[in-house]
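In what follows, a structure is listed as structure tokens, so that the remarks can point back to it.
Number of protein chains: 2
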Amino acid sequence: MTRLVFEKADAVPLVAEVFRELGFEGASLSRITERTGLGKGSLYHFFPGGKEEMAAAILADIDAWFVRHVFEPLEKGEPRAAIAQMWRSVNTYFRSGRRICLVGAFALDETRDRFAAPIHRYFARWVEALRRALMRAGVEGAAAGQFAEQTVAGIQGALVLARALNKNALFTRALTRLAQRLDAGIPTQP
Amino acid sequence: MTRLVFEKADAVPLVAEVFRELGFEGASLSRITERTGLGKGSLYHFFPGGKEEMAAAILADIDAWFVRHVFEPLEKGEPRAAIAQMWRSVNTYFRSGRRICLVGAFALDETRDRFAAPIHRYFARWVEALRRALMRAGVEGAAAGQFAEQTVAGIQGALVLARALNKNALFTRALTRLAQRLDAGIPTQP
DNA sequence: GTCTATACAGTGATAGAC
DNA sequence: GTCTATCACTGTATAGAC
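Respectively, the protein sequence lines represent chains A and B.
Numbering of the first sequence is given in the working numbering, commencing with residue 306 and proceeding in unit increments.
Numbering of the second sequence is given in the working numbering, commencing with residue 306 and proceeding in unit increments.
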């Protein structure tokens with residue numbers, strides 16, 4: 306038996322995967338234990354607040370990943386390069402459609418009410434960062450906002466549809482189409 | 306106390322709303338009772354198979370609604386008129402973004418595995434009916450399939466984003482944009 | 001940090017009176 | 001058809017040994 310988990314930071318992604326697969330209510334402690342190998346003792350050691358604290362830590366972890374790989378590049382980097390990086394990051398993160406967006410899933414049921422703030426923050430920052438990047442790339446104001454909303458929603462919808470039809474290829478294909486549509490809206494570099 | 310429920314057909318939409326709000330795992334019998342006014346006796350009288358049977362009946366009920374108001378018009382009616390009706394029906398059904406798509410929500414977690422068949426059937430029929438309607442309207446084969454996928458995914462994504470940002474207006478706005486994009490892809494009538 | 005034992009509320013489900 | 005009572009079980013959470 307190799308010791309795989311040494312600290313909370315190692316536990317978070319493991320537990321995250323269980324929440325992703327089972328949802329907040331579906332992820333019971335026994336199933337978390339069974340799928341991660343972490344006993345109740347360890348879980349409550351890392352997360353004294355129980356499931357609520359686990360979910361909060363997971364949302365913070367997801368947010369941090371997106372800040373680093375998506376939001377900050379969009380906010381600070383060269384817009385065209387940042388957008389290109391966004392598509393790569395998103396495809397990687399969601400494992401080409403095999404993985405869902407936990408933040409989006411939480412948004413659908415009453416779980417949203419418990420974590421309203423982090424859920425809102427994640428999506429608001431994504432849409433806003435993309436909108437500003439588009440504007441810096443020369444897209445006109447109102448259009449940029451529409452494109453940004455449409456793109457983030459398109460990604461979420463593709464995750465739903467790919468899982469519903471059990472067809473991962475649909476997700477990557479959808480990303481490609483969304484990327485093309487976005488590119489078509491950006492003025493060519495002078 | 307007025308008697309509001311007389312038969313199973315009356316119970317289904319009431320229970321459906323609870324599943325929509327709480328998800329399959331979150332919708333415990335006590336909360337279903339509390340929100341619908343139906344006691345356990347009544348619930349098990351209507352649905353001897355318990356929650357599983359409730360969810361199955363709800364999915365069938367949702368499917369029947371879409372068959373009548375969306376799928377069959379797309380399959381049999383004049384394509385342009387059917388597509389216009391689809392947008393109205395969708396906006397009405399999802400209450401301008403205040404209501405989520407239970408089928409889409411089920412698709413995201415392991416609930417999908419329990420109801421894989423009806424979930425797959427619902428989305429596959431929607432995409433296929435729209436694709437054929439677009440082709441009958443003069444859209445070329447490959448493009449029609451892409452448009453159809455994109456549109457259904459766009460609707461699901463808009464529901465996620467609208468709820469995450471707690472901004473219903475976003476949903477109606479997204480529908481308008483999706484409709485415009487679809488129209489732009491359809492050749493003008495000769 | 002991880003394990004075992006345990007508390008006790010809430011779960012889905014059944015039975016029987018009305 | 002609806003109510004109440006009750007079932008066995010699983011849920012989250014805690015305590016204490018190691």
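Where a beta carbon is used, it is the ideal one built from N, C-alpha and C, also for glycine.
From a predicted model like this one, the values you see are computed outputs, not experimental measurements.
Per the Cβ contact rule, the region 330–349 of chain B is not in contact with the region 475–487 of chain A (fewer than 3 Cβ pairs under 8 Å). Within the same chain, Cβ atoms closer than 7 Å to the Cβ of R441/B are found at P384, the five residues on either side in sequence being excluded. For E383/A, there is no enclosing alpha helix (DSSP H), as DSSP gives it neither H nor E. Annotation: the region 412–451 of chain B contains the following complete segments of the alpha helix (DSSP H) (minimum length 4 residues), in chain order: 416–419, 421–441.
Around the beta-carbon of A453/B, 16 or more other beta-carbon atoms lie within 10 Å, marking it buried. When the five nearest sequence neighbours on each side are left out, the beta carbons in the same chain lying within less than 6 Å of the beta carbon of L319/B are those of T341, in order along the chain. Setting aside the 5 residues that flank it on each side, L466/A is surrounded in the same chain by L475, each with a C-beta closer than 7 Å to its C-beta; the list follows chain order. Taking 9 Å as the cut-off between beta carbons, the residues of the region 411–441 of chain B near chain A are F411, A412, L413, D414, E415, T416, R417, A421, I424, H425, Y427, F428, A429, V432, in sequence order.
In this structure, DSSP gives K472/A a state outside helix and strand, which the three-state scheme calls coil. Between the C-alpha atoms of I491/A and A447/B there is a straight-line separation of about 25 Å. Straight-line measurement puts the Cα of A369/A at about 42 Å from the Cα of Q390/B. Between V408/A and I367/A, the C-beta gap is smaller than 9 Å, which places the two residues in contact.
In the DSSP assignment, I363/A falls within the alpha helix (DSSP H) that extends over 356–371. For the pair A429/B and L470/A, the CB atoms are nearer than the 9 Å cut-off. By the CB criterion at 9 Å, G328/B and L364/A fall outside the cutoff. Minimum Cα-Cα distance from M359/B among the listed residues I424/B, V375/B, A321/B, H374/B corresponds to A321/B. Straight across, the Cα-Cα distance linking Y427/B with A314/B is about 20 Å. Chain B has a Cβ within less than 9 Å of the Cβ of V408/A.
Using a 10 angstroms sphere on the CB of P378/A, the tally of other CB atoms reaches 16 or more, which defines it as buried. Straight across, the Cα-Cα distance linking E326/B with E415/A is about 6 Å.
Just so you know, the alpha carbons of F352/B and V444/B end up roughly 45 Å apart.
From the beta-carbon of Q461/B, the residues of chain A found nearer than 9 Å are A458, Q461, G462, A463, L464, V465, L466, A469. Its chain contains R436 as the residues whose beta carbon lies nearer than 6 Å to that of G450/B, once the 5 sequence neighbours on both sides are disregarded; these appear in chain order.
The C-beta of E445/A comes no closer than 9 Å to any C-beta of chain B. When Cβ-Cβ separations below 9 Å define contact, L364/A makes no contact with chain B. From the beta-carbon of E326/B, the residues of chain A found nearer than 8 Å are D414, E415. Within the model, the alpha-carbon separation for V317/A versus L343/A is close to 11 Å.
Looking only at L483/B, K472/B, R468/B, V457/B, the smallest Cα-Cα distance to Q455/A is reached by L483/B. Within the region 467–492 of chain B, R468, A469, L470, N471, L475, A479, R482 place their CB atoms closer than 7 Å to a CB of chain A, listed in sequence order.
Each of F324/A, T481/A, A410/A, R404/A was checked against the Cα of R468/B, and the nearest Cα belongs to A410/A.
Residue environment for F324/A: buried (at least 16 other C-beta atoms within 10 angstroms of its C-beta).
The beta carbon of I405/A sits closer than 9 Å to some beta carbon of chain B.
With the criterion set as a beta carbon lying under 7 Å from some beta carbon of chain B, the region 384–399 of chain A has no members that meet it. Using a Cβ distance threshold of 9 Å, V395/A and A434/A do not count as a contacting pair.
Within 8 Å of the CB of G355/B, no CB atom of chain A is found; the nearest one sits about 16 Å away. Among the CB atoms of chain B, one or more fall inside 9 Å of the CB of E454/A.
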